[in-house]
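J.: Sharing a structure, written as structure tokens. Questions coming.
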């Protein structure tokens, strides 16, 4: 009997609350609608191609070999394949950066952009201009 009474009281209070609040949840005090902000260093391949009209662009695919073989990068720019695992091993970055002048733009690319962003962060710390890209659209 006590359970039935508690259940009825709960249903009545939920019903009363639903009737009194006719505004959408996003308008409740203290709640904000958050819109995602695009990373300013993220570029699409099309944007990288348009940047190549202004400066020399080096596109470096940092996916692993299996991924690279499964899906090729469709770009007008030449794409250099250097897996992130090789870059981060020993002098990988050092060897790569020897062949790229500091005034050129480097665009790292991977499947979702996470590994490309790691590579970008490293070379920016070394004084290079770099961006990152993703093969998949989000």
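In our numbering, the protein residues as written are 7 to 144.
Using N, Cα and C, we set each Cβ at its ideal position, and we do this for glycine too.
Bear in mind that the values here come from a model prediction, so they are computed numbers and not experimental data.
(1) Using alpha carbons as the reference points, say which of 77, 82 and 69 lies closest to residue 55.
(2) Can you give the beta carbon distance from residue 70 to residue 91, rounded, assuming they're within the 8 Å contact cut?
(3) With burial defined as no fewer than 16 other Cβ atoms inside 10 Å of the residue's Cβ, what is the status of residue 119: buried or exposed?
(4) Measuring only the C-alpha atoms, how far is residue 132 from residue 61?
(5) Residue 112 and residue 106 look like a contact to me (Cβ under 8 Å); what is the Cβ gap, rounded to whole Å?
(6) Under DSSP, the alpha helix (DSSP H) around residue 127 begins and ends at which residues?
(7) Check the C-beta distance from residue 68 over to residue 122 and give it rounded, since I have them as a contact under 8 Å.
(8) If you run the structure through DSSP and keep just helix, strand and coil, what is residue 74?
(9) Please classify residue 66 as buried or exposed, where buried requires at least 16 neighbouring CB atoms within 10 angstroms.
T.: Taking the coordinates as given:
(1) Looking at 77, 82 and 69, the one whose alpha-carbon comes closest to that of residue 55 is 82.
(2) Residue 70 to residue 91, Cβ: 7 Å. Contact.
(3) Label assigned to residue 119: buried.
(4) Computed Cα separation, rounded: 19 Å.
(5) Yes, they are in contact, since the Cβ atoms of residue 112 and residue 106 sit about 6 Å apart, within 8 Å.
(6) 120 to 131 is the extent of the alpha helix (DSSP H) around residue 127.
(7) About 6 Å; that satisfies the 8 Å criterion.
(8) The three-state reading of DSSP puts residue 74 in helix, counting H, G and I together.
(9) Residue 66 should be labelled buried.
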